[in-house]
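Structure first, commentary second.
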Amino acid sequence: MTTAVDVTEPAETAAETPAVTETTEITPASAPEEFNKTAKGDLDGSGKVDLSDLTTLALYLLGEASLTDAQLEIVDVTGDGLVDLADLATIKQFLAHKIDRF
Ligand SMILES: [Ca+2]
């Protein structure tokens, strides 16, 4: 036992890690507030539309996840001002390569 260093001050790790609450189960991977021009359907701002975007939308439609206003605009791939099953279906078609863009 040679580590007799007694740190009187607590480690400053508390500032780095935000308090984790148990209430948030499903949140988008990143809060996409900083980007304005994002590809339609790219909910998490990953640069491409993939299954995670589809999943997030599905969860939203099920009431299991919430989306920001920016995300709601991004995910309205049909452009009718509504985020609904039509958008989910359209993204599914995109992922199935039935359409190549929105
Ligand atoms: Ca729509």
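Using our numbering, you'd call the opening residue of the sequence shown number 988 and step up by one each time.
Using N, Cα and C, we set each Cβ at its ideal position, and we do this for glycine too.
- Residue 1071 and residue 1083 have their C-alpha atoms some 19 Å from each other.
- Nearest to residue 1058 by C-alpha distance, out of 1029, 1033, 1050, 992, is 1029.
- Taking each of 1036, 1052, 995 in turn and checking the Cα distance to residue 1061, the smallest one comes out for 1036.
- In the three-state scheme derived from DSSP, where H, G and I count as helix and E and B as strand, residue 1069 is classed as coil.
- For residue 1060, the secondary structure class from DSSP, reduced to helix, strand or coil, is helix.
- In the DSSP assignment, residue 995 falls outside any alpha helix (DSSP H) and carries neither an H nor an E.
- Distances from the alpha-carbon of residue 1068 to those of 1081, 1027, 1043, 1079 put 1027 closest.
- Counting every other CB atom within 10 Å of its CB across the protein chains shown gives residue 1032 a total of 16 or more, marking it as buried.
- Shown here, residue 1040 sits in a helix according to DSSP, grouped into three states.
- Distance from the CA of residue 1053 to the CA of residue 1047, rounded to the nearest whole angstrom, comes to 6 Å.
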